[in-house]
Ligand SMILES: Nc1ncnc2c1ncn2[C@@H]1O[C@H](COP(=O)(O)OP(=O)(O)OP(=O)(O)O)[C@@H](O)[C@H]1O
Ligand SMILES: [Mg+2]
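Numbering (UniProt numbering), first residue to last: 1 to 332.
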């Protein structure tokens, strides 16, 4: 759905040149929720704004739904941009317009017939849970309600892509979760492709399918959230993972009569008694030294560090059984 090829962006301010992005290659599939995480100043907003060319890259190509946006003239670009909605950290609503007029704004600009606007706005109010607030002004709304207006407005033109620039960073944790659920609901209902940027791993873990980590303008790691989360490769990624959970770490090898294992479970297997069945069959004993069970998007996962004690050959057989059962097992 979206392809960024070799995106580089320099900002020239007086005599100083800031390289905000260098050589970014990314592909976002249709219907997925793709997260980009990075520290402040990493280049996240610049990257997101390159997707609709609010920020024109110094070099590289931006291809959305098969069209190279960087090659278009102003008029064609405007046309293509209707496929791309955007929401912002500080909502960017018109303070002098009601909720309903804020949502209708892009439709009026596109000269949509009045009856169609009314129908569409009612649908969007319903979808975002704002029906009872339709005649209020932004100053009369909470942060979460303002972001719902932002989402409704972004969806008014039936976009195929929604770009979210730190859409929950100004909200408290509970409101953040309600906005994330709304985004997930929209993604599932309409197959809308969502690209969101954030500095919070919680956001990535809650709703994203894949994630890219950017650091000082370069892409340092990307992959499925489950893989990046459970096995972070880059130190910056590890820092972000540590925001939401203590890493489960395999200590150095113990004495010969014991082996230390780090076992990773994913999906429904998390709830199966695989470990206890394996030790019953081989007669070794185990103790759990560290562990966590949680969810990534809706997928349950678990990581455990266990100490197996007993006969050496039986321990080896236990490890083989666990691996044959499809678990990821690291041995100290
Ligand atoms: N219009 C601009 N002119 C000059 N430099 C800019 C401009 N916009 C961004 N930069 C610089 O580019 C780099 C990347 O900025 P960007 O806003 O993309 O980062 P970010 O990851 O979104 O940060 P934050 O989390 O603080 O929003 C920073 O060094 C920033 O100072
Ligand atoms: Mg930013």
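Each residue gets a CB set at the ideal place from its N, CA and C atoms; glycine is no exception.
**Prompt:** Heavy atom of ligand 2 less than 7 Å from the Cβ of residue 166, yes or no?
**Reply:** Taking the chain shown and counting its residues from 1, the one referred to as residue 166 is at position 166. Yes - ligand 2 has a heavy atom lying nearer than 7 Å to the Cβ of residue 166.
**Request:** Take every Cβ of the stretch 115 to 132, pair it with every Cβ of the stretch 77 to 85, and state whether three or more of those distances are shorter than 8 Å.
**Result:** Too few Cβ pairs lie closer than 8 Å, so no.
**Request:** For residue 131, I'd like the list of residues in its chain whose CB is within less than 7 Å of its CB, leaving aside the five on either flank, ordered along the chain.
**Result:** Your numbering for residue 131 matches position 131 in the chain shown. If the five residues before and after residue 131 are omitted, its C-beta is found closer than 7 Å to the C-beta atoms of 125, all from its own chain and listed in chain order.
**Prompt:** In chain order, what residues of the same chain have a beta carbon less than 8 Å from the beta carbon of residue 141, not counting five sequence neighbours either side?
**Reply:** Start at 1 with the first residue of the chain shown, and residue 141 comes out as number 141. Result list for residue 141: 99, 133, 149, in chain order.
**Prompt:** What first and last residue would you give for the alpha helix (DSSP H) that runs through residue 126?
**Reply:** Residue mapping note: residue 126 aligns to position 126 of the chain shown, counting from 1. Boundaries of the alpha helix (DSSP H) harbouring residue 126: 114 to 127, taken from the DSSP string.
**Prompt:** Nearest to residue 76 by alpha carbon, out of 276, 52, 105, 108?
**Reply:** Counted from its first residue, the chain shown places residue 76 at position 76. Of 276, 52, 105, 108, the residue nearest in Cα terms is 52.
**Request:** Could you tell me the distance, in whole angstroms, from the CA atom of residue 264 to the CA atom of residue 323?
**Result:** Numbered from its first residue, the chain shown carries residue 264 at position 264. Numbered from its first residue, the chain shown carries residue 323 at position 323. Straight-line Cα distance between these residues: approximately 10 Å.
**Item:** Under 8 Å between C-beta atoms of residue 384 and residue 47
**Value:** The first residue shown for the chain is 1 and the last is 332, placing residue 384 beyond what the model contains.
**Prompt:** To which residues of the same chain is residue 135 closer than 8 Å at the C-beta, ignoring the five residues directly before and after it?
**Reply:** The residue you call residue 135 lines up with position 135 of the chain shown. Hits under 8 Å: 98, 99, 100.
**Prompt:** Alpha carbon to alpha carbon, what distance is there between residue 178 and residue 186?
**Reply:** Stepping through the chain shown from its first residue, residue 186 is reached at position 186. Stepping through the chain shown from its first residue, residue 178 is reached at position 178. Each residue's CA atom was taken as its position, placing residue 186 and residue 178 some 12 Å apart.
**Prompt:** Straight-line CA distance for residue 31 to residue 300?
**Reply:** For the purposes of this step, residue 31 is identified with residue 31 of the chain shown, where counting begins at 1. For the purposes of this step, residue 300 is identified with residue 300 of the chain shown, where counting begins at 1. So the alpha carbons of these two residues sit roughly 22 Å apart.
**Item:** C-beta atoms of residue 305 and residue 286 nearer than 8 Å
**Value:** Here residue 305 corresponds to residue number 305 of the chain shown, with the count starting at 1. Here residue 286 corresponds to residue number 286 of the chain shown, with the count starting at 1. Their beta carbons are not under 8 Å apart, which means residue 305 does not touch residue 286 by this criterion.
**Message:** Considering only their Cβ atoms, is the gap separating residue 59 from residue 8 smaller than 8 Å?
**Reply:** Your numbering for residue 8 matches position 8 in the chain shown. Your numbering for residue 59 matches position 59 in the chain shown. Remark: C-beta atoms of residue 8 and residue 59 approach each other more closely than 8 Å.
**Asked** Assuming residue 196 and residue 84 make a contact with CB atoms under 8 Å, what is their CB distance in whole Å?
**Response** Indexing the chain shown from 1 puts residue 196 at position 196. Indexing the chain shown from 1 puts residue 84 at position 84. The distance from the Cβ of residue 196 to that of residue 84 is about 13 Å, inconsistent with a contact at the 8 Å cut-off.
**Prompt:** Can the beta-carbon of residue 248 be found less than 8 Å from the beta-carbon of residue 296?
**Reply:** Counted from its first residue, the chain shown places residue 248 at position 248. Counted from its first residue, the chain shown places residue 296 at position 296. Going by C-beta atoms, residue 248 is not nearer than 8 Å to residue 296.
**Item:** Residues near ligand 1, criterion Cβ-heavy atom distance below 6 Å
**Value:** Listed along the chain, these residues meet the criterion: 11, 13, 18, 20, 38, 40, 41, 42, 43, 44, 45, 46, 199.
**Asked** Got a sec, what are the start and stop residues for the alpha helix (DSSP H) residue 105 sits in?
**Response** Within the chain shown, residue 105 is the residue found at index 105, counting from 1. From DSSP, the alpha helix (DSSP H) with residue 105 extends over 99 to 109.
**Selected residue, minimal CA-CA separation from residue 312, among 89, 114, 255** = Against the chain shown, residue 312 aligns to sequence position 312. Here the closest residue by C-alpha is 255.
**Asked** So what's residue 44 in DSSP terms, helix, strand or just coil?
**Response** Within the chain shown, numbered from 1, the residue matching residue 44 stands at position 44. Reduced to three states, the DSSP call for residue 44 is helix.
**Prompt:** Would you call residue 166 buried or exposed, if buried means 16 or more other Cβ atoms sit within 10 Å of its Cβ?
**Reply:** Counted from its first residue, the chain shown places residue 166 at position 166. Under this definition residue 166 is a buried residue.
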